[in-house]
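These notes concern the structure reproduced below.
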Amino acid sequence: MAAKPWKSTFVLHIFMISIITQVTNQLQQSQFEAFLTIQQILNYPPSLDSVDRTVDFCSIEPTPYLTVVCYEENITQIHTRGVNGFVPISGNFSMEALFTAFTALPGLRVLSLVSLGLWGTLPKNIGNLTSLEILNLSSNNLNGTIPVEMSTMKNLQTVVLDHNKLVGEVPVLLGSLSGLIVFSAKNNSLSGLLPKSLTRLQNLRILQLSMNNFTGDVPDFSNLTNLQAVDLGHNSLGPRFPILHNKVVVLVLRKNRFKFGMMDNLTAFYQLQKLDISANEYVGPFLPSLFSLPLINYLNIAGNKFHGMLLENMTCGAEMNFVDLSYNFLTGDLPACLRTGNTKRIVEYRGNCLSNGSRIQRQHPMSFCQNEALAVKISPHGRNKSRPSSKVVVAMSIVGGSSLAGLMVLGVGLVFSKHAFKKPKTRTILEKAISVNPSKLFTDARQICQMAKLGPLGLPAYRNYHLDEIKEATENFNVSNLIGEGSNGPVHKATFGNGNVAAIRSIKLRKRRGVQTYTHHIELLSKLRHVHLVSALGHCFEYHPEDSTVCRVYLIFEFVPNGTLRDFISGQKPSWSQRIAAAVEVAKGIQFLHTGTMPGLYSNNIKITDILVDHNLHMKLNSYNLPLLAENKETVDVGVTPLGSKENGKVPSKQDEKSDVYDFGVILMEIIAGRKIISQNDISMVKDLFEVGVNADKIARKQVIDPTVHKECSDNSLKILMELCVRSLSNEPSDRPSVEDVLWNLQFAAQVQDSWQGDVPSDRSSPVFTSR
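The sequence shown runs -26 to -1, 1 to 746 under mature numbering (1 follows the signal peptide of the UniProt record, and there is no 0).
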C-alpha cells in the first residue's frame, strides 16, 4: 500500500489516524484502545467516519517520518519524526498520560519520538516501560530532571535525550543499567559532577554529554574497555585529563577547564581517529607523536598553551585530514607532511611562532613564544589568559539536526531489537530507512551503529559482504592493492567507504557447490576471533551465472600492516624480554586454534612469515588450516612442516597438535638465534648447536644466539628456551611438549628473566617437560 501524503506539521497526529483507520484483527484490542487514548491526549479529533478500516496498519510502507514494526500481535517498534521541525504541542497535554498509554504496548522495544514538540517533565511512570531497549526523545522541549525511575528499565541499551532543556544531575542509579551501550544527552542544561556509577557500565560504547554544565573531574573510565566514543565538549570539566582505556576511537573535550594530566600514553591509543582538546587551559610540551598515530584523521589542540619545537621531518598518519594547532606557543618548522599539496587536508596553525608560516596564517616572533613558555613553566596557574577568547580561532563541529538523531536510533534499533525480526513475515524495513552516509562519527548514524556492534577486540561484527562492496573497496582488485599471492589465491588490501581497512583473500573453488554446503565452513570462520589471531571479519560468495553455485569465495580479514615477526626480529632488533613475549603470544594464538573452536584447527603450517605484528607490537597468527582451504586443494599434505619435513616418514593426523608444536619450534629457533631459518639443513644445524648449548656453560650458550641480546639475556631463561626449542623439534611427535606445556615454560622463562633484570635471584628449578 502506498503511503498517504503527509500534510500536517505534526506527524504523530497522522500516525494516530493511520493506526485508528487501518487496524485489523491482528492487533490486540488493548493496544488499539491504547492508541485511541494517545490520540485523545494529543488533542487531534478529526472525523474518521469515512475511512476504510480493513487495511493492516503493520503493512504501512515506512517513510522518513514514520516507521512501525510489528511482530505477531504486538507493536515492537515506533519511530516518528516531525515534518517541519520543532512545533510545541498546545492544549491540555500530559506526558504522564502519554507514557501511561505507551505502557499498554507490552511488546514495545523501540520508541523514537523525535522533534515532535513534546514538552513538560519526563514522568516517573516511564520506568514502567520495562521491555524498552531503545529510547530516543531528542529535539523536543522537555524540561525537569532525568527521572531516577529509568534505572528500573533493565533492558535499556540506548538512551538518546539530545537537544532538550533537561536540568539537574545524571542519576547515580543509571549506573545499574548494565546493558547500556549508548548514552547521549548533549545540548541540555544538566549540571553537577559526572557520577562515578558510570564506571560500572561495562558495555558502554558511546557517551555523549557535550553542551551541558557539568563540572569537576571525569571519573576513571579505564575499566570501560568497550568505550570507544566520548564527547564531553562544551562543559566546565577539569582540571585533570580523563583516564580512559586505549581503545577509544573518538575523544572530544573541547571548551572545558582541563589544565594538566594529559596522558603521555595517548600515543598508545592506536585506534584513535579523532582528538579535540581545543579551547582548554593545557600547558606544557606538545606531544608530536600524536601526528603519527596510525588512524588519526582529526587533531585539534587550538587555544591552549602548548609549547615545544616542531621539526620539518616529523611524520604524519596517512589518514590525517584535519589539524588545528592555532594559538599555542609552538616553535620550529611546520612539518613537511602538513605542508603538502593535499587539497583534502586542512591545516590551521596561526598564532604560534613557526618559522615557515604563511601570510594568511600569521605567526608571532620567536621571542613571544619563548617568553610565554618560560612564564608558563615558572607559574602555570599565576597567569591570566594571554589573549581574549574571542580571538581563539578553532574549527568546530557541533552535532545538530533531529533527523540524524532519529536515524541513529533507527540504526541501533536494527542491531539490538532482535525480537522484532523473528519470523519471515516480519518486515525488515529499518534497512530502507537508513540511506545517508556522512563521514563524521557523531553525525553518521550508520557508523554509530557499527560502533555499537564492535566487540572486545575493537573489530566490527562478522558479516556477509556484497561483491560490489568488495570490488569498490579494492578498486576492482587493482594490482596496486595486491598484498601477496598464496597457494590459495591472491590477497588484496581493501579500503571501505567508512574508512575501515581489511585484507581480502580470493579463493577460486575447484568444485562448485551450493551455499548450504559451506554453512559449516563459514560458521567456523566467524569464530576466529582472538587477540593473537588475524581475525576474520566476513565473507562473500560469488555465484556462477548459469547454475547459481558458488564459484569463488572472498574471505575478509583484519588488516595488519606492520610486517612479519621475521621483519621485526631482523629490523628492530627486539630485546630478549620482547622476544620471549613474542613467543608467548604466538603460543597463545596456536592454543586458540586448537581449543577456541569445535573442532579445533590443527596442522596449520605456521611459518614465521605468517606471524604479523600489529600497532602495539603484538603478534597475530595469519595461517589457519581452514577446511574450506584444504578442500580446495588437489592434494592435501596435512601435517607437513613449513620446511618440508615429513617427521621421520610419519604424517600426523589432522587432529594432532604436535605438528603445530614442530612449526612453533622452528619459529622459536629464529627468535633465539636472530638469523633466518630457511631450509631443513638450517634446522638440523642450529638444533645441534642448541642441544650442545643446553649441556654447556653459559659462555658457549651465548655464542649461538643473536649477539644483540648477549648482555641483556638471562642465562637461565636462555637455557629454558633452548631446551624448549629442541624438544619441540623432536622427530617423534609424542616426545614434543603439548601447547599448554610450551606456554607454561615460556611464561616461566619470562619470570626468570624479569627476576634477573631486577637483580632478584630465582630459587626455582628448571621446569619439567611433559607431553601428550
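For glycine and all other residues, C-beta sits at the position ideal for the given N, C-alpha and C.
With respect to I444, G463 sits apart: the two C-beta atoms are not nearer than 9 Å. Rounded to the nearest angstrom, the gap between the Cα atoms of A276 and F260 is 11 Å. Counting along the chain, Y636 sits inside the alpha helix (DSSP H) bounded by residues 632 to 647.
For R526, DSSP records a beta bridge to K482, E516. Burial check for S113: the Cβ neighbour count within 10 Å reaches 16 or more, so the residue is buried. For secondary structure counted as the alpha helix (DSSP H) over 4 or more consecutive residues, the segment 644 to 705 holds these complete runs in sequence order: 654 to 668, 672 to 675, 689 to 702.
Counted as a single uninterrupted DSSP element, the alpha helix (DSSP H) harbouring M69 occupies residues 69 to 76. About 4 Å separates the beta carbons of S691 and A723, which is inside the 8 Å limit, making them a contact pair. Put simply, of D136, L264, C343 the residue whose alpha carbon is nearest the alpha carbon of N302 is C343.
With respect to the 9 Å criterion, S105 and P80 are classified as neighbours on the basis of their beta carbons. In chain order, T173, I217 place their CB closer than 7 Å to the CB of D194, counting only its own chain and leaving out the 5 sequence neighbours on each side.
Here V726 is buried: its Cβ has 16 or more other Cβ atoms, across all protein chains shown, within 10 Å.
Assigned with DSSP and collapsed to three states, T132 falls in strand. Here the alpha carbons of N295 and P36 stand approximately 37 Å from one another. Within the segment 190 to 271, the complete beta strand (DSSP E) segments at least 3 residues long are 203 to 205, 224 to 226, 248 to 250, 257 to 259, listed from N- to C-terminus. With distances taken between CA atoms, G212 lies nearest to G235 out of S341, D662, G235. One alpha carbon belongs to N719, the other to N326, and they sit about 55 Å apart.
Under the three-state reduction of DSSP output, R174 falls in the helix class.
If you draw a 10 Å sphere on the C-beta of H440, you find fewer than 16 other C-beta atoms in it, and that means exposed. Separation of the CB atoms of N220 and A242 is rounded to 5 Å, and the pair is thereby assigned contact status at 8 Å.
Taking 9 Å as the cut-off, the beta carbon of I641 is found closer than this to the beta carbon of A557. Rounded to the nearest angstrom, the gap between the Cα atoms of Q335 and L312 is 14 Å. Comparing C-alpha distances from K233 to each of E714, L600, V257, C525 shows the shortest one belongs to V257. Check the Cα spacing between R55 and each of T77, T493, S86, A75: the tightest is with S86.
For the pair I645 and M659, the Cα-to-Cα distance works out to about 16 Å. The residues F296, in chain order, have a CB closer than 6 Å to that of I320 in the same chain once the five nearest residues on each side in sequence are set aside. If you draw a straight line from the Cα of H504 to the Cα of M69, it is about 48 Å long.
Taking C-beta atoms as the reference points, G118 and V144 fail to come closer than 9 Å. DSSP places S165 within a strand segment (E or B) once states are collapsed to three. When the alpha-carbon of L116 is set against those of L164, V475, V524, the nearest one is in L164. In the same chain as S266, and ignoring 5 residues on each side of it, the C-beta atoms closer than 7 Å to its own belong to T289, C290, G291, in chain order.
If you look at N48, you'll find it in the beta strand (DSSP E) that goes 48 to 55. Q335 sits in coil when the DSSP states are folded into three classes, being neither helix nor strand. Between Y528 and I478, the gap from beta carbon to beta carbon is short of 9 Å. Rounded to the nearest angstrom, the gap between the Cα atoms of A468 and P169 is 42 Å. Residue range 713 to 731 is occupied by the alpha helix (DSSP H) that includes F722.
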